[in-house]
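Number of protein chains: 4
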Amino acid sequence: MSGNTIGKLFTVTTFGESHGAGLGAIVDGCPPGISLTEEDLQHDLDRRKPGTSRYTTARREADKVRIVSGVFEGKTTGTPIGLLIENTDQRSKDYGNIAQSFRPGHADYTYTHKYGFRDYRGGGRSSARETAMRVAAGAIAKKYLKESFGVSFKGCVTQIGPIEAEQFDWEQVPHNPFFFPDTTKLDALDEFLRGIIKQKDSIGAKVMVVAEGVPVGLGEPVFDRLDADLAHSLMSINAVKGIEIGDGFAVVNQKGSEHRDEITPEGFLSNHAGGVLGGISSGQPIVAYLALKPTSSIGISGKTIDSDGNPTDIITKGRHDPCVGIRAVPIAEAMMAITLLDHLMRHRAQNTGVECNTPIVE
Amino acid sequence: MSGNTIGKLFTVTTFGESHGAGLGAIVDGCPPGISLTEEDLQHDLDRRKPGTSRYTTARREADKVRIVSGVFEGKTTGTPIGLLIENTDQRSKDYGNIAQSFRPGHADYTYTHKYGFRDYRGGGRSSARETAMRVAAGAIAKKYLKESFGVSFKGCVTQIGPIEAEQFDWEQVPHNPFFFPDTTKLDALDEFLRGIIKQKDSIGAKVMVVAEGVPVGLGEPVFDRLDADLAHSLMSINAVKGIEIGDGFAVVNQKGSEHRDEITPEGFLSNHAGGVLGGISSGQPIVAYLALKPTSSIGISGKTIDSDGNPTDIITKGRHDPCVGIRAVPIAEAMMAITLLDHLMRHRAQNTGVECNTPIVE
Amino acid sequence: MSGNTIGKLFTVTTFGESHGAGLGAIVDGCPPGISLTEEDLQHDLDRRKPGTSRYTTARREADKVRIVSGVFEGKTTGTPIGLLIENTDQRSKDYGNIAQSFRPGHADYTYTHKYGFRDYRGGGRSSARETAMRVAAGAIAKKYLKESFGVSFKGCVTQIGPIEAEQFDWEQVPHNPFFFPDTTKLDALDEFLRGIIKQKDSIGAKVMVVAEGVPVGLGEPVFDRLDADLAHSLMSINAVKGIEIGDGFAVVNQKGSEHRDEITPEGFLSNHAGGVLGGISSGQPIVAYLALKPTSSIGISGKTIDSDGNPTDIITKGRHDPCVGIRAVPIAEAMMAITLLDHLMRHRAQNTGVECNTPIVE
Amino acid sequence: MSGNTIGKLFTVTTFGESHGAGLGAIVDGCPPGISLTEEDLQHDLDRRKPGTSRYTTARREADKVRIVSGVFEGKTTGTPIGLLIENTDQRSKDYGNIAQSFRPGHADYTYTHKYGFRDYRGGGRSSARETAMRVAAGAIAKKYLKESFGVSFKGCVTQIGPIEAEQFDWEQVPHNPFFFPDTTKLDALDEFLRGIIKQKDSIGAKVMVVAEGVPVGLGEPVFDRLDADLAHSLMSINAVKGIEIGDGFAVVNQKGSEHRDEITPEGFLSNHAGGVLGGISSGQPIVAYLALKPTSSIGISGKTIDSDGNPTDIITKGRHDPCVGIRAVPIAEAMMAITLLDHLMRHRAQNTGVECNTPIVE
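Chains as they are written, first to last, in our numbering: chain Y, 493 to 854; chain C, 493 to 854; chain Z, 493 to 854; chain A, 493 to 854.
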């Protein structure tokens, strides 16, 4: 698990750079007997695909995934699933001074210091393009969790810049380019983002992701709490600067009598905890929020230094996502699914079938 | 790494329950040759010790730590350091209906479902008492990072309920029972917390933790980003519901031109990123915030069910921390130190002495 | 998992030195609900205890183990089990030139180079005394495997020096101080070992360990094969220089038609494989052999160098085990049990209850 | 680390089946700045390639490896190296009753019970074809260890059936199809193997692998001893049934005065230990032996059962390796290199540059 692997039992290891030959992943520990085709992975891949609207980068990638191993006669074999996406839109272009200068807000400076040099083509390994493999791997976890345990995932953008969702119509999320649940704000969003694009600037966003039907009992005290591992997997998504579980930072000004979710024979009376108590799933929906920073790939000149340490200015050419948070929704769902499946497997390992099933089918 | 271990190279594994015989930990992978005594660990242990002010639980624990192994002639040997704290204040008492009912907001319900039954004495393993061992282990990491790399840590409480710090006088933090940096708010805090205690209620808090002098280059893309691992280790602290790195959730309404930290030959012009770019330390101070929920151990009756599923009411007897966030400061410093040392070792492993030292001494 | 931890799901982490304050271990991931007392661990501890016969070291240790955590009301809770044995026979003595010289055949030289210095008291961390905690932890694994799956373990010494067992009477193994299955060789062994002791020398031994009733399907291709993990855990025992699974090195001169274990509806016709096919348990008994070197702690002077690199002679004072292989039997059983339980949990994690139970109850 | 990953810091994760679309691997944690081309990997791949002599399987595979990521401008970047080999010789053929029956001595029976079904094409994941990726990954480790630390590896076949090498001329090993160091035995080997082929049978072999120039101090007590991890990585090679370090099973009849390697200012006087003392490298050559069983893919009919449990006979069609041990030499070198590099990185992580370099440059 040298940095590019996540999970302890259901593990996902990715490789590939933004403008290299391609991207790949190995999904190891996947339960056997799951019917799986490349189409099962393509749906979510298409949801995060670039070039789908005026609000995303112009880069065109088919993002067609190929299952190289681990599936036989349409079913997972329990052996590692090899996934591969060939990069198609990697025409060699002039990277200009990007090769010699550190783009502020990007990983250029830190990668160069860590490794001595870096693949500067489109950000190399630090590019969000890597998340395509997370989405593909997550689709496998989502399928298994849905079919075997009835766990489902949904996500949306709850805020872009100053514009917050006030109504939650989940039905509408797939039907607008912002993954936004509040249709009364779509025009405002369109106008706002057109302005951002015109200014050649970018903007942050807040994403919500929810898992429903999660069994009780998932999560390993004390360090591998379910919420701690979710914080890890969600914070590992590019541009994320903050994570909340349930009420998140609102708890700072809550009283115990207000926050604790009271219990009745009919169930919990509230879900301030976001579905996790003492690091273990309570059976309520698991709710998490992500804060995504505005991308630093903007058309406004900024101060930086070159590799010799001399001051210079830098500007990003071409069209980039004005709001990278928008395309983060399927990625966040994928990471939550990977972490939940990993914990379901960890839970199942420690408990005998019976003890394990009791809480799980509850 | 079965849940009770954190770290990949500098690992801390803890054991023990709130009212069991004692608490312990194994610190493995510690560099050899560090001069270490029990006194070195006691300072931070005393900072989190209960019973130190009217704002903390009445429980009296000496929290005297014993180094059982791994230190020879006053120096760490490179072999595992065994730590032990015997519980002294565990007089058998009447746990009343706590044994038969699930305290809302606590781990009683989830532990029982996960494991089939639970140690109900003072919360058993889910008690924050376990964090004493984190503080002891963290003190080792802090000492090594300070002496060998000049890395230092500091933390404070920036908000309790509605009262926020507006001035930052780090010198004052150790001199008030709230770990608060704004002395102009101390009277207000005292009055506010007396009110909370009188109401037999509790309140949340926001904690800030900072690491200074961190080498450039720590953090492993793509999943084990430094900020992702920090989110994991900090979220694993009891009662934490939210984590921010740098500007955190404020980035949602920031523009790229505003957020990106520009670079000059003299250094970065700002630190919105909180010291991490692309998951790798930039050499700037690493800044994180934690949201801590109000404890559910309060003297106000709440609805719940008993182990037979029948409705009942429950109330917590005795005096508990009205604001558990206060004592979380040394714990947060410890967890950040453990994670940073683990990553420093991971970085050093992949790079040869020279390549490794270049960024580190920068 | 920094070297002192074994297992992925059922993990055992040990600490402590030969002449330090004590020894300890954390057993993490243990299934909940197992009835467990200190007596359950003491039986195997007594089997490896020193000072039980003229053929073992004179050191007297009660080796009384204390369960510090993880057990509540007589049952495991699923949280980490803390184990502790205080060293009693550690009277400060004159270590003479052992502190300044490297005993040939011991870890003195390598520890000093690895860590810069070493705890020279009785070998410090490199002493086989550490294995007491393995035996205690293994007893937990053995109890669970026996009660929940009917898996049992047995071990014996099959050869000491030139004397090989030719008859296998497992009933007799506990009734002689050599753990030897061939009672016709006991007099010869006694005479042989008396000679070794008189010569102040030591001798090697071969140990056999067998697990019966092992479910089909345990083991993870391709690197974490069951036999590969067994080789790791058994080779990690002090003084072990060779590992065989099933026919071991005899396969070098076997033909395929002779080695392959044919299958009939009544089962396998032979067990040349030693119960593992393709790295996965076949349901047949798992058979392993260990080669243990003669201890280098002998009363015959040997050439070495001191810490300044000057040539010197060294001799070990006091009585030591003339054949450390004898006491290795309970240790080998413990390590096999720990590895099998870890793999049973790994198997259970990947398969749903049904798929998992099918092979397991077969 | 779900079974298909080896290593803790320098990790190799493989995927792919014998007759699937292809094989792949991710090499993670590789130090940056190593000049690396596909040719660097091809040399060892060609050494294990099938179809090179009458003594190996007739299957024709180019085994051309493609580096998909992790290398930029001819140098490793420190990010994951993706490797891919497309299968070319996978013409769909009639697998006959192999699909319905369990070949004795193969993994058919155990895979089916573990996973519920299996990819029966050429053994699927259990085929030794997977080792091609180990060889490719090992070539990277070998290159770095050679260029940065002067560590070199060599291996040979020391015994095939009854024919043992008595002379060791390492120069000759690459110049005969048996990787045999004793040219006086080549004719006997040729005659013996022709006989085995004529009988449609197979034979076992013994392989020796040696690492020279290994730094002092590699290995992590107590469970991750260097020899224990070597036993794991070498035993994970298909068909291996036994592992020896240094004198191996010969120590059973050795005396302490004979086995211990005495030390002089000029170095050790012998190397019975095989370069490992107390689980840590001593600076002497690391010597290991592997016992490889005869393949069960033979043209002689054998008893087995079909998937319905009915008795049947089975026979392997086509030409297979009469002695799989022959092609195991480059695989064993690769696994030893991977394990040594992983431990070199683990050692470097715990020690500061200076402390680390002292033993390493010694």
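Just so it is clear, CB atoms sit at the ideal spot from N, CA and C, and this is done for glycine as well.
Scanning chain A for C-beta atoms nearer than 8 Å to the C-beta of residue 501 of chain Y yields 494, reported in chain order. In this structure, the alpha-carbon of residue 827 of chain C lies about 8 Å from that of residue 627 of chain C.
In the pairwise beta carbon analysis, the segment 772–789 of chain Z is classified as touching the segment 594–608 of chain Z: at least three pairs are separated by under 8 Å. The DSSP-derived three-state label of residue 660 of chain Y is coil.
If one requires a minimum length of 3 residues, the beta strand (DSSP E) runs lying completely within the segment 778–825 of chain A are 778–784, 794–797, 803–806, in chain order. Around the beta carbon of residue 550 of chain Z, fewer than 16 other beta carbons sit within 10 angstroms, so the residue counts as exposed. The shortest CA-to-CA distance from residue 656 of chain Y to any of Y:696, Y:622, Y:618, Y:621 is the one to Y:696. When C-alpha distances from residue 532 of chain Y are compared across Y:568, Y:521, Y:631, Y:686, the shortest belongs to Y:631. Contact note: residue 840 of chain A reaches chain C through 840, 841, using a C-beta cutoff of 7 Å and chain order. Its Cα nearest to that of residue 508 of chain A, the residue Y:570 stands out among Y:702, Y:507, Y:570, Y:508.
Note that the C-beta distance between residue 685 of chain C and residue 601 of chain C is not below 8 Å. Considering only Z:780, Z:808, Z:741, the residue with the shortest C-alpha distance to residue 748 of chain A is Z:808. Around the beta carbon of residue 496 of chain A, a 10 Å sphere encloses 16 or more other beta carbons of the protein chains shown; the residue is thus reported as buried. An exposed status is given to residue 757 of chain Z, since fewer than 16 other beta-carbon atoms sit within 10 Å of its beta-carbon. Look at residue 726 of chain Y here: in three-state DSSP terms it is helix. Secondary structure remark: continuous alpha helix (DSSP H) runs of at least 4 residues inside the segment 526–594 of chain A, in chain order: 530–540. Sequence-distant Cβ neighbours of residue 668 of chain C in its own chain, meaning closer than 6 Å and more than five residues away, are 678.
CA-to-CA, the gap between residue 688 of chain Y and residue 717 of chain C works out to about 29 Å. Close partners of residue 606 of chain Y in chain A (Cβ separation under 9 Å): 524, 570.
The beta carbon of residue 710 of chain Z is closer than 7 Å to those of 718, 772, 773, 832, 835, 836, 839 in its chain, skipping five residues each way along the sequence. Out of C:640, C:661, C:505, the CA that lies nearest to the CA of residue 650 of chain C is found in C:661.
Per DSSP, residue 624 of chain A lies in no beta strand (DSSP E); the unbroken alpha helix (DSSP H) holding it starts and ends at 623–641. At a cut-off of 8 Å between beta-carbon atoms, residue 713 of chain Z makes contact with chain Y. For residue 541 of chain A and residue 560 of chain Y, the gap between their C-alpha atoms comes out near 21 Å. Leaving aside the five residues that flank residue 805 of chain C on each side, the residues in its chain whose CB is nearer than 8 Å to its CB run, in chain order, 793, 794, 795, 796. For residue 687 of chain Y, the enclosing alpha helix (DSSP H) begins and ends at 678–690. Taking each of C:705, C:755, C:500, C:699 in turn and checking the Cα distance to residue 637 of chain C, the smallest one comes out for C:705. In the DSSP assignment, residue 520 of chain C falls outside any alpha helix (DSSP H) and within the unbroken beta strand (DSSP E) covering 514–520. The Cβ atoms of residue 723 of chain A and residue 735 of chain A sit closer than 8 Å to each other. Interface criterion met: the Cβ of residue 521 of chain Z is under 8 Å from a Cβ in chain Y. Flagged as an interface residue toward chain A: residue 837 of chain C, by a C-beta distance shorter than 8 Å. Residue 605 of chain C counts as buried, since at least 16 other C-beta atoms from the protein chains shown sit within 10 angstroms of its C-beta. Residue 695 of chain Z has A:747 as its beta-bridge partners, per DSSP.
Beta-bridge partners of residue 703 of chain Y (DSSP): Y:645, Y:778.
Under the Cβ criterion of 8 Å, residue 741 of chain C is counted among the residues facing chain Y. Among the residues of chain Y, none has a CB under 7 Å from the CB of residue 600 of chain A; the nearest is roughly 13 Å distant.
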